[in-house]
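The opening residue of the sequence shown carries number 9 in my numbering; numbering runs sequentially from there.
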Amino acid sequence: MNNQTLPSGASIRRPTTRGACLSIVALAMITGTGCGQSDRQTTTTQATTPQSPSTGDTSAPTGVVTVQIKTADGVNSIDVANVADGKSLESVMRQLPGVDVSVKGSGTTAFVDRIGDVATSAGQGWTFQVDGEWSDKGVGKTELHPPTTVTWEFGNWDAAK
Numbered sequence: 009m010n011n012q013t014l015p016s017g018a019s020i021r022r023p024t025t026r027g028a029c030l031s032i033v034a035l036a037m038i039t040g041t042g043c044g045q046s047d048r049q050t051t052t053t054q055a056t057t058p059q060s061p062s063t064g065d066t067s068a069p070t071g072v073v074t075v076q077i078k079t080a081d082g083v084n085s086i087d088v089a090n091v092a093d094g095k096s097l098e099s100v101m102r103q104l105p106g107v108d109v110s111v112k113g114s115g116t117t118a119f120v121d122r123i124g125d126v127a128t129s130a131g132q133g134w135t136f137q138v139d140g141e142w143s144d145k146g147v148g149k150t151e152l153h154p155p156t157t158v159t160w161e162f163g164n165w166d167a168a169k
C-alpha cells in the first residue's frame, strides 16, 4: 500500500496497482465474469414460471399451484404454472404474480408478514392450508407437490390449531 499524508495530518492508504488488479481478478472469479461462458444462466425468472431448486436441474416434474387468498371481499385465486415438485411455499409466495406479499426471514424462520394491505399483528396473522389441511410447518419448510392448492386466510392465530 502507498501512503499519502494530507495537509490536515490525516493519512490515506492507497492500494498498489498489484493489489487493485488482484481485487478485480478475485471479483471476476466470484461473479463468474470473464470465464468465457457465453451462455450464462440468469437468476431472473418470470413470476408465473418459478424454476426448480437452485441446482439448475430442469428434469424435476412441474405443475400448477393454486394460491387462494381469502379476505372480507372474497377469494382471490391465482394459478402459478411450472412449479417444480418439492419447491417451498416460501419460494412461490416470494414470486406470486399480481399480489404484493411480504415474507420475513427465510427457510425455517420464514413467515408471511403481509399479503396486500393486510399485515400481521400481535394476535392475528396469515395462516395457510395445503389441500385443505393446516400445515404443521412454516412456509420455508412446506414443500409443494403440484397440482396443489394453498389457501391463505387472515385471522386469529388460534384458528390454525
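We put the beta carbon where it would ideally sit given N, CA and C, even for glycine. In this text, all values refer to a predicted model and were calculated from it rather than measured experimentally.
Got a sec? Which residues, its chain only, sit under 7 Å from residue i by beta carbon, not counting five neighbours each side?
i, result
"T156", "V73, V138 and D139"
"I123", "I77, V107, V109, W134 and W160"
"L97", "V147, T150, L152 and V158"
Provide the residue span of the beta strand (DSSP E) that contains residue i, from first to last.
i, result
"V73", "T70 to T79"
"K112", "V109 to K112"
"G133", "Q132 to V138"
"W165", "Careful: W165 lies outside any beta strand (DSSP E) and carries neither H nor E."
"V120", "F119 to I123"
"V91", "G82 to A92"
Do the CB positions of residue i and residue j come within less than 8 Å of each other?
i, j, result
"D93", "P154", "yes"
"Q132", "N90", "no"
"L152", "K95", "yes"
Between residue i and the ligand SAM, is there a pair consisting of the residue's CB and a ligand heavy atom that are separated by less than 7 Å?
i, result
"W165", "Summarising the ligand content, the structure contains no ligands, and the ligand SAM is consequently not present."
Between which two residues does the alpha helix (DSSP H) harbouring residue i extend?
i, result
"E98", "L97 to R102"
Could you name the residues of the same chain whose beta carbon sits closer than 8 Å to that of residue i, not counting the 5 residues immediately before and after it, in chain order?
i, result
"V126", "T79, W134 and F162"
"V100", "P58, V73, V75, V88, V91, L152 and V158"
Buried or exposed: which applies to residue i, given that a residue is buried once 16 or more other Cβ atoms fall within 10 Å of its Cβ?
i, result
"E141", "exposed"
"T150", "buried"
"T50", "Since pLDDT at T50 reaches only 23, below the 50 mark, its modelled position is unreliable, and the value read off the structure follows with that caveat. It counts as exposed."
Only counting the same chain, and skipping five residues up and downstream in sequence, which positions put a Cβ closer than 6 Å to that of residue i?
i, result
"T128", "D121"
"P69", "D93"
"I86", "V75"
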